[in-house]
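Quick notes on the structure that follows.
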Amino acid sequence: MCAGGLADLVAREAFTDMGLLSTIIWLPIAGGVVILALGDQRARPDRWLALVVSVITFALSLALWTDFDFTSARMQFVERLPWINAFKVYYYLGVDGISTPLILLTTFLTPMIVIAGWEVIKERPAQYFAAFLILEGLMIGTFAALDAMLFYVFWEAMLIPMFIIIGVWGGERRVYATLKFFLYTFLGSVLMLVALVYLHLQSGSYAILDFHNLPLTGTEQTLIFLAFLVAFAVKVPMWPVHTWLPDAHVEAPTGGSVILAAVLLKMGGYGFVRFSLPITPDASSALDWLLIGLSLIAVVYIGFVALVQQDMKKLIAYSSIAHMGFVTLGFFIVWAILANTGMEDLGAISMGITGGMVQMISHGLISGALFLCVGVLYDRMHSRQIADYGGVINTMPKFSALLVFFALANAGLPGTSGFVGEFLVILASFQASFWYAFLAATTLILGAAYTLWMVKRVVFGDIANDNVKALHDMNRREGLILIVLAISVLALGLYPAPLVEMMEPSINNLIAHILQSKL
Amino acid sequence: MGFVPPEFGPAMAEVILATGICLVLVVDLFISDRRRGFTLVLALATLTATAWFAGAAGSEGEVLTFSGSFIADPLARVLKMFTLLIVAVVFVYSHVYLKDREILKGEYYLLGLFATLGMLVMISAYSLLTMYLGLELMSLALYAMVAFDRDSPVAAESAMKYFVLGAIASGVLLYGMSILYGVTGTLRLDDIAAVLAVGESQRPVVMLAAAFVIVGVAFKFGAVPFHNWVPDVYHGAPTSVTLFIGTAPKLAAFAMLARLLSTAMGPEALAWQPMLVVMAVLSLGIGNVVAIAQTNIKRMLAYSTIGHVGFIFLGFASGLPEGRQAALFYTIIYSIMAAGAFGIVILMSRRGFEADELDDLKGLNSRSPWYAAMMLMLMVSMIGIPPFVGFFAKLYVISALLNADQVWLAVVAVLFSVIGAFYYLRVIKLMYFDAPEESMPLNASFDMRILLSLNGLAVLLLGLFANPLLELCAAAIN
């Protein structure tokens, strides 16, 4: 399929299920506003309302799965209304195989976060739940937006609830962390804004799909690519602009860490596949060495950094950076594979991108679960220091079993979702260069080392102190969310086919598109 | 040839306002301090009546009157409507504040109305003389307003500073105008443009005139390097006066910018555009960086104004009609946001206590979640985070810059807005993350609460539904 084919696709978009995407975007936001309006009350209607709204949103979003056309790369569930005529901005929504899994991940995790914060949040709970619901709507909107300005509106608006979440319910250094988070991401995105406006002026439209077909010169592509790179690299985050993440993660409340690791980081990866690769294919090709280099640094160097962490949350945060390095590696290995194998081997290319996508979903589940596990411990001990724990298995056997499971999944144990993405990316890297694959594969050792070493120190051994002795095992609420997550990690690991099938047409379409030079 | 009276129709708003001022002046004499609320009602009624006529004039294109020295056009209509709206909002916000400080005199409203009349004249000015007339009427009223709290030495100092610097700026402007008159031999803006367009005038002299005129305009806006009065006057003046100075006059200053530079000196745009660009970049830099160091919220907002003026100038200097529309939109939005922000400062203060330190905002979210949310929206709108309207104002300017192939200016502008984000975020931090130092409930009249809430919601609603205002601005300038 060539670039012109995509234009046809745009023209033939299916206008089915008008309003489903809008519903799952605005329902949580409206719910959040209602919760804010109700305020903190003794009867705690806030958390019930938050749970009901988030569960309904999840149930509705399942229709994206059941009604999805698995054979098509078209945008589905399209909605298009004029929004700001003066800027030619449309309220233009639609999803394909790339964005749908991310939306489902978002709607799936939000009820978990609500349940995780059920009793734990004592300070201004109504605002807490409201912030998460509003954030959920904005995140779905970011994934579903097909108009670049609408995308930017959702993308930037997410900063506000996240800023509040980290700042109000975070740890001691929360102010520093949240300001750093905000300013880093804001700096990244304003340059993207300039690039988007530039693309609009060149194409006369803000539709992202029109950008895909816009011819651009080499210099233009390079500058636009770099502007996007700053925005997305900060969000992913890639080395060396990753330093906000450990701070933000450590200081954020549990729910904030979960949403940050599970969904917000995916925005960066999503941005690369939706914007950078198809809009600036030639610049991506010319600068792929940069991205591959940064990704490998993230995988190897950050892996070592994770090894020496004393703080559990910080360790998982660094582990996230390393795992996201796989995602960007999978996306940008394309041209190296081409150079190595020639045009024919589209399978390896699609393997890299598919691997990156699967890794995003899987990492969303696993890192979310790990942060929830740390949250369970933190709620009891009020410490995240590995040194304060030891022998937790003696007092919390059920919890320890799940923690060990998630740790193994994080290390890429076959049979868990963590294995699928990493394996695909490593396989694809082999097609490009032995050394890329070699360096990427060090994660199997490093990841196992830092995760399992942490688990060893926290879970196993003799009971370290009286505080650990006094621990009680997880309650039903905590057990429920962790078991649901464990099942989904296992399911995705054993049977990733539905996910891969859903993404396949869109990824093939993407590949056809990025191999088409715009020069 | 007998005397032909000029057509008063296009200037009906000004006539009504002048009449209303006389009425307020007389009626207020017979009102005791306790019933001063009636003066407010009368002033608001005057503004409403003025708005009625201002809305009617100029709706059918350009109309010139008073021998071509006064114009009613779509631009004037838009600017006047928003000026009157914002002045009305300011009057309501100020009422309780003035009453608590026992300086609730009819003169506040009178001076405010006189300043408004000056602004309306400036907005409709189509000759150099009319422009100067309006400017002085506005400025003199404002000088007096700054000194309104006569027992406050700080206010007196500010007023003095404002007056001396303002008088110098006016003098410089007048000098520029006289050069322009000397070169072109006419006072009418369109005639000046026609003479300049022929291109026979001496360029260095026109450059000189442009420089002097720009000094006058930049002073009114508070653009760097003519910004030094802004923080001192904002800080020293009673908050209700700061609120007045910080909002509506910016719209009048925009009219100066549009009429003097774009209309009269449009053919010589290449002479003044670089000057505006330099001032814009300096304003963005100094405004946003110095604001970080402020501990007083009024001073912080003063420097933030300077930063916003940078954006307005950048849009204007892009040289495209789209850029001027962006600057107009930005000015209107800025006035709305500034009115809300100063409104919150007024809301926080009470009898015997000026809540103008940043620390006074601590824990506002626990004291009043609703107004904290309003201030949150105003602050993120000033940062330029969508979907709040401040974002669309910045977007408009950036679009115009990119359209004019000034990519680097656009990049500079957005980078400085990242620096600027810091001090707005600090306000949010104080309100949301810090514990309150006191638990006194906020005191405000019912009408102020309603209006302040509407003001806060306006930045959200104007952002979600930005199109009507954008189209209004596009129609005002073409």
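Chains as they are written, first to last, in our numbering: chain A, 488 to 1006; chain B, -2 to 475. Beta carbons are placed, not taken as given, at the ideal position from N, Cα and C, and that holds for glycine.
Whose C-alpha, out of the options, is nearest the C-alpha of residue i?
i, options, result
"lysine 102 of chain B", "B/Phe88, B/Leu114 and B/Gly284", "B/Phe88"
"tryptophan 731 of chain A", "A/Phe712, A/Lys956 and A/Leu752", "A/Leu752"
"valine 465 of chain A", "A/Glu965, A/Glu566 and A/Leu589", "Chain A is shown only over 488 to 1006; residue 465 of chain A falls outside these bounds and no answer can be derived."
"alanine 401 of chain B", "A/Gln689, A/Phe759 and A/His736", "A/Gln689"
"leucine 137 of chain B", "B/Gly219, B/Tyr159 and B/Trp367", "B/Tyr159"
"phenylalanine 35 of chain B", "B/Leu20, B/Ala48, B/Thr47 and B/Trp49", "B/Leu20"
"isoleucine 474 of chain B", "B/Gly115, B/Ile120 and B/Ala255", "B/Ala255"
"tyrosine 429 of chain B", "B/Ser436, B/Thr292, B/Leu358 and B/Leu392", "B/Leu358"
"glycine 381 of chain B", "B/Val411, B/Ser396, B/Trp405 and B/Ala277", "B/Val411"
"alanine 635 of chain A", "A/Gly758, A/Ile880, A/Val745 and A/Asp556", "A/Gly758"
"valine 677 of chain A", "A/Asp697, A/Glu659 and A/Leu716", "A/Leu716"
"leucine 852 of chain A", "A/Asp953, A/Ala978 and A/Gly705", "A/Ala978"
"glycine 219 of chain B", "B/Tyr393, B/Gly263, B/Leu162 and B/Leu130", "B/Leu162"
"cysteine 860 of chain A", "A/Val891, A/Val760 and A/Gly790", "A/Val891"
"proline 228 of chain B", "B/Ile294, B/Pro318 and B/Ile395", "B/Ile294"
"leucine 422 of chain B", "B/Leu373, B/Pro271 and B/Met78", "B/Leu373"
"glycine 604 of chain A", "A/Gly862, A/Val662, A/Phe668 and A/Thr841", "A/Gly862"
"glutamate 104 of chain B", "B/Leu26, B/Leu171 and B/Leu170", "B/Leu26"
When you compare only the Cα positions, how much space is there between residue i and residue j?
i, j, result
"alanine 266 of chain B", "glycine 316 of chain B", "7 Å"
"glycine 843 of chain A", "leucine 939 of chain A", "24 Å"
"leucine 493 of chain A", "arginine 534 of chain A", "Low local confidence applies: a pLDDT of 46 at leucine 493 of chain A is under 50, so the model's placement there is unreliable, with the coordinate-based value given in what follows. Taking the straight line from one Cα to the other gives about 44 Å."
"leucine 1002 of chain A", "aspartate 431 of chain B", "53 Å"
"alanine 234 of chain B", "alanine 152 of chain B", "5 Å"
"glutamate 965 of chain A", "valine 601 of chain A", "11 Å"
"leucine 592 of chain A", "tryptophan 552 of chain A", "12 Å"
"lysine 801 of chain A", "alanine 714 of chain A", "29 Å"
"proline 7 of chain B", "aspartate 527 of chain A", "55 Å"
"glycine 282 of chain B", "glycine 934 of chain A", "45 Å"
"leucine 134 of chain B", "serine 280 of chain B", "27 Å"
"isoleucine 695 of chain A", "alanine 122 of chain B", "45 Å"
"alanine 720 of chain A", "leucine 646 of chain A", "16 Å"
"leucine 61 of chain B", "alanine 10 of chain B", "14 Å"
"asparagine 452 of chain B", "methionine 334 of chain B", "8 Å"
"methionine 811 of chain A", "methionine 847 of chain A", "7 Å"
"leucine 457 of chain B", "glycine 307 of chain B", "23 Å"
"phenylalanine 650 of chain A", "phenylalanine 616 of chain A", "14 Å"
"glutamine 199 of chain B", "valine 180 of chain B", "8 Å"
"leucine 958 of chain A", "tyrosine 937 of chain A", "25 Å"
"isoleucine 571 of chain A", "methionine 626 of chain A", "21 Å"
Is it the case that the Cβ atoms of residue i and residue j are separated by a distance below 8 Å?
i, j, result
"serine 301 of chain B", "methionine 379 of chain B", "yes"
"leucine 972 of chain A", "methionine 562 of chain A", "no"
"cysteine 470 of chain B", "glutamine 291 of chain B", "no"
"methionine 253 of chain B", "methionine 128 of chain B", "yes"
"methionine 961 of chain A", "phenylalanine 886 of chain A", "yes"
"serine 124 of chain B", "arginine 74 of chain B", "no"
"alanine 618 of chain A", "isoleucine 652 of chain A", "yes"
"leucine 459 of chain B", "alanine 336 of chain B", "no"
"alanine 915 of chain A", "glycine 790 of chain A", "no"
Using 8 Å for Cβ pairs, my map puts residue i next to residue j. What's the rounded Cβ distance?
i, j, result
"proline 768 of chain A", "serine 993 of chain A", "With 8 Å as the limit, proline 768 of chain A and serine 993 of chain A do not qualify as a contact, their Cβ atoms being about 16 Å apart."
"alanine 631 of chain A", "leucine 580 of chain A", "5 Å"
"alanine 748 of chain A", "phenylalanine 858 of chain A", "6 Å"
"alanine 299 of chain B", "alanine 207 of chain B", "With a Cβ gap of about 27 Å, alanine 299 of chain B and alanine 207 of chain B do not count as contacting."
"serine 837 of chain A", "isoleucine 998 of chain A", "6 Å"
"threonine 929 of chain A", "valine 750 of chain A", "The Cβ separation is near 27 Å, so there is no contact."
"tyrosine 532 of chain A", "leucine 525 of chain A", "It should be noted that the sequence gives proline, not tyrosine, for residue 532 of chain A. Contact flag correct, Cβ pair sits at about 6 Å."
"serine 756 of chain A", "valine 814 of chain A", "The question names serine, but residue 756 of chain A is glycine in the sequence shown. The pair is a contact, with the Cβ atoms about 5 Å apart (cut-off 8 Å)."
"glycine 115 of chain B", "valine 169 of chain B", "Glycine 115 of chain B to valine 169 of chain B, Cβ: 19 Å. No contact."
"alanine 718 of chain A", "asparagine 995 of chain A", "Not confirmed; about 26 Å, so no contact."
> Hey, is the stretch 604 to 612 of chain A in contact with the stretch 624 to 643 of chain A, meaning 3+ C-beta pairs nearer than 8 Å?
Replying inline: Fewer than three Cβ pairs drawn from the stretch 604 to 612 of chain A and the stretch 624 to 643 of chain A lie within less than 8 Å of each other, which leaves the two stretches out of contact.
> Taking one C-beta from the stretch 26 to 45 of chain B and one from the stretch 62 to 75 of chain B each time, how about it: are there three or more such pairs within less than 8 Å?
Replying inline: With the cut-off at 8 Å, the stretch 26 to 45 of chain B and the stretch 62 to 75 of chain B do not touch.
> Between the stretch 904 to 913 of chain A and the stretch 756 to 770 of chain A, are three or more C-beta pairs nearer than 8 Å?
Replying inline: Using a Cβ-Cβ distance cut-off of 8 Å, the stretch 904 to 913 of chain A and the stretch 756 to 770 of chain A are not in contact, since fewer than three pairs of beta carbons, one from each stretch, lie closer than that value.
>> Does the stretch 335 to 345 of chain B come into contact with the stretch 413 to 422 of chain B, if we say contact requires no fewer than three beta-carbon pairs (one atom in each stretch) closer than 8 Å?
In response: No: the two stretches stay apart, fewer than three of their Cβ pairs being nearer than 8 Å.
> With contact counted as at least three CB pairs below 8 Å, one residue from each stretch, are the stretch 436 to 446 of chain B and the stretch 390 to 398 of chain B in contact?
Replying inline: With the cut-off at 8 Å, the stretch 436 to 446 of chain B and the stretch 390 to 398 of chain B do not touch.
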